[in-house]
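Visitor: Residue 76 is where the sequence shown starts when you use the working numbering, and the numbers rise one by one after that. All C-beta atoms, glycine included, are put in the ideal place defined by N, C-alpha and C. For reference, the structure I am asking about is given below.
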Amino acid sequence: MNKKDEKKEINEMSFEDFLNKSIDRSGKQKNEEKIDIPGWGSVPFRRPNNDQILDYLNAQGNAIKFNKDGLIMGTDLKSLSESAAEFIYFTCPYLQNTSLQEAHEVKDPLDTAIKIFGVENVVDIANLILKKFNIEKTIRKSIKN
76 MNKKDEKKEI NEMSFEDFLN KSIDRSGKQK NEEKIDIPGW GSVPFRRPNN DQILDYLNAQ
136 GNAIKFNKDG LIMGTDLKSL SESAAEFIYF TCPYLQNTSL QEAHEVKDPL DTAIKIFGVE
196 NVVDIANLIL KKFNIEKTIR KSIKN
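What follows is the structure, given as structure tokens:
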């Protein structure tokens with residue numbers, strides 16, 4: 076029997092090994108990071124949960140319109156900025172502070188990121204969050220596979 080015909084033996088993982096591996100994996104992920112926001116300095120952000128990540132990425136994907144040849148036909152900038160603002164709001168504890176919202180007369184808390192950072196900056200900041208927590212790299216690797 077040659078090496079091509081040999082089958083790799085798959086060892087069954089015990090529950091204890093599975094548990095330890097899952098704890099090790101989640102323990103390596105940082106739950107909070109400071110991100111340097113241009114014009115602001117270092118601001119703390121919490122790791123977004125899976126729903127927040129998927130909501131943001133889905134909204135981003137749906138905001139870009141392609142033709143049948145795969146060329147970009149248009150972009151819904153309002154949708155892009157609103158999804159980025161919501162993503163930033165849920166990951167930045169400072170933006171959730173009611174004193175900050177009152178000081179800037181924010182009526183809808185989800186508008187806080189746009190009010191503070193400006194509509195022109197929220198998409199870039201949301202992308203900085205994805206990069207800082209290595210979410211962007213992980214997603215690209217998943218898509219390739």
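#1: To which residues does DSSP link Ser174 through a beta bridge?
#2: Got a sec, what are the start and stop residues for the beta strand (DSSP E) Ser117 sits in?
#3: Check Lys143 in the structure and name its three-state DSSP category.
#4: Looking at Val118: is its Cβ nearer than 7 Å to the Cβ of Ala160?
#5: Tell me, which residues are paired with Thr166 by DSSP?
#6: Name the DSSP bridge partner or partners of Ile112?
#7: Hey, would you say Ser154 sits closer than 7 Å to Ala138, going by beta carbons?
#8: Suppose the cutoff is 7 Å on Cβ atoms and the five residues either side in sequence are ignored; what does the same chain contact list for Gln176 look like?
#9: So, at 8 Å on beta carbons, what are the nonlocal neighbours of Lys27 in its own chain, with the 5 sequence-adjacent residues on each side left out?
#10: Specify the secondary structure class of Glu91 as computed by DSSP and reduced to three states.
#11: So, at 6 Å on beta carbons, what are the nonlocal neighbours of Tyr131 in its own chain, with the 5 sequence-adjacent residues on each side left out?
#12: When burial is assigned at 16 or more other CB atoms within 10 Å of the CB, is Gln104 buried or exposed?
Guide: The answer reads as follows:
#1: According to DSSP, which records beta bridges pairwise, Ser174 is partnered with nothing at all.
#2: Gly116 to Arg121
#3: coil
#4: no
#5: According to DSSP, which records beta bridges pairwise, Thr166 is partnered with nothing at all.
#6: Gly116
#7: yes
#8: Pro184 and Thr187
#9: The requested residue 27 does not occur in the structure, where the chain is confined to residues 76 to 220.
#10: helix
#11: Ser158 and Phe162
#12: exposed
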